[in-house]
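Each residue of the sequence shown is one higher than the last, beginning at 4 in my numbering.
Even glycine gets a Cβ: it sits at the ideal position worked out from N, Cα and C.
Shown next, in structure tokens, is the structure this report addresses.
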Amino acid sequence: MAAGTPSSDTTATGAPRPGGPGAFAGRTVSRVGYGAMQISRLTEDRAGAIALLRRAVELGVDHVDTAEFYGFGFVNEVLRDGLRPDDDVLVVSKVGATPNPGGRLPLRTAQKPEELRASVEDNLRSLGMDQVPVVNLRRTDHGPGVKAEGDQVVDLDDQLATMIALRDEGKIGAIGLSSVSLDVLRRSLPAGIVCVQNAYSLVAREDEEMLALCEKEGIAWVPYFPLGGAFPTMPKVTDEPAVVAAAESLGCTPAQVGLAWLLRHSRNTHLIAGTADAGHLEANIAAGRIELDDATVAALDAVPSRSAQVPLG
Numbered sequence: 004m005a006a007g008t009p010s011s012d013t014t015a016t017g018a019p020r021p022g023g024p025g026a027f028a029g030r031t032v033s034r035v036g037y038g039a040m041q042i043s044r045l046t047e048d049r050a051g052a053i054a055l056l057r058r059a060v061e062l063g064v065d066h067v068d069t070a071e072f073y074g075f076g077f078v079n080e081v082l083r084d085g086l087r088p089d090d091d092v093l094v095v096s097k098v099g100a101t102p103n104p105g106g107r108l109p110l111r112t113a114q115k116p117e118e119l120r121a122s123v124e125d126n127l128r129s130l131g132m133d134q135v136p137v138v139n140l141r142r143t144d145h146g147p148g149v150k151a152e153g154d155q156v157v158d159l160d161d162q163l164a165t166m167i168a169l170r171d172e173g174k175i176g177a178i179g180l181s182s183v184s185l186d187v188l189r190r191s192l193p194a195g196i197v198c199v200q201n202a203y204s205l206v207a208r209e210d211e212e213m214l215a216l217c218e219k220e221g222i223a224w225v226p227y228f229p230l231g232g233a234f235p236t237m238p239k240v241t242d243e244p245a246v247v248a249a250a251e252s253l254g255c256t257p258a259q260v261g262l263a264w265l266l267r268h269s270r271n272t273h274l275i276a277g278t279a280d281a282g283h284l285e286a287n288i289a290a291g292r293i294e295l296d297d298a299t300v301a302a303l304d305a306v307p308s309r310s311a312q313v314p315l316g
């Protein structure tokens, strides 16, 4: 990778790095991070939410993915109260959508430049930060989820100009992308993209060419829906016979096999599997220690890839 091979095997707190060290936005972080979206399920148990976050840090997580629209700001507030400066956790948020309380879906697109700027300000406020280390521009070009319509279809160049201005002002540290096509990534490279978040898993590998470009450019690849199955029509990694067989052979769960395959498939992959359960958190982090032999990898690689293009109409 362009940023070089990270060498630190422990986090700032002294914990071993689950999944080993990886390069991300000029830093070294654990390749198994934590997607904080599921913390929104703990809105009635703030102390439990903070305890779960602290447990993730104890287990070696130093990369947390969030958004202002997760729990209508609750998740960001938990991160603000639960993370400590000496944890040295890389917080990655996103803009391009905002909370939609009372709506059919809990979020709505917010793609206009002024909305992107407002969302960054909202993140700064709820996270209690002077600068959000990484902010992903969440577009709707690719993958499952809501699609931009009408005046929410905004030119990429206008959006990138706003993101670059926010970086120049010091309000964000670096720019990432989410739910984007290969063409959008290529057009965005001059802006200095540090990560890409797209729906990707063993059973939905449409983005192999994009992953290869990220490897070439030293861009962290951060798959969301890493086990598929987020919507009823999406295939599930854990339903695949090859995955089940590998889990039985290794003495682990099918979900852990799916996560371990992602780490093995590309060295610049960073996981952000999320959960609101401490036991599941520990299992996800333990997936970073699973070794897949060549025969197992070959069997998993032979699993057919299907589409992750699932609209939320």
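Check	Outcome
Runs of beta strand (DSSP E) lying entirely within the stretch 69–102, each at least 3 residues, in chain order	93–98 and 100–102
Where A223 falls: helix, strand or coil (DSSP)	strand
Inter-residue CB distance, S181 and K97 (contact presumed, cutoff 8 Å)	6 Å
C-beta contact flag for Q41 and G254 at 7 Å	no
CB-CB length for F234 against P102, believed under 8 Å	Not really, about 21 Å apart at Cβ, beyond 8 Å.
Contact set for Q330: own chain, Cβ-Cβ below 8 Å, skip 5 residues either direction	In the structure as shown, the chain starts at 4 and stops at 316, and residue 330 therefore has no counterpart that could be examined.
Contact check, V246 vs L230, beta carbons under 7 Å	no
A26 in three-state terms, based on DSSP	strand
Other residues of its chain near R34: CB distance less than 8 Å, five sequence neighbours each side excluded	R20, P21, G22, G23, P24, G25, L266, T272, H273, L274 and G291
Contact under 7 Å by Cβ, L45 with A279	yes
DSSP state of Q134 mapped onto helix, strand, coil	coil
Residues that A177 bridges to, as DSSP identifies them	V137
Residue range of the beta strand (DSSP E) that includes L45	No beta strand (DSSP E) contains L45, which DSSP labels as neither H nor E.
For T112, the three-state DSSP class (helix, strand or coil)	strand
contact_flag[the stretch 188–198, the stretch 150–157] where n(CB pairs < 8 Å) is 3 or more	no
Contact check, V92 vs L86, beta carbons under 7 Å	yes
Presumed contact (8 Å Cβ cut-off) between L284 and L55, rounded CB distance	7 Å
Cα-Cα separation, P257 to R208	18 Å
Nearest-angstrom Cβ-Cβ length linking V138 and I167, presumed shorter than 8 Å	Wrong, their Cβ atoms sit about 11 Å apart, outside the cutoff.
Near the ligand COA: C198 beta-carbon under 6 Å from a heavy atom	As far as ligands go, the structure on display features none, and thus does not contain the ligand COA.
Q259: first and last residue of the uninterrupted alpha helix (DSSP H) it sits in	P257 to H268
Cutoff 7 Å; reference F77; Cβ partners in own chain excluding five residues on either side	S43 and T46
Environment of T13 [buried if 16+ CB atoms lie within 10 Å]	exposed
Neighbour-count burial assignment, D296, 16 or more Cβ in a 10 Å radius	exposed
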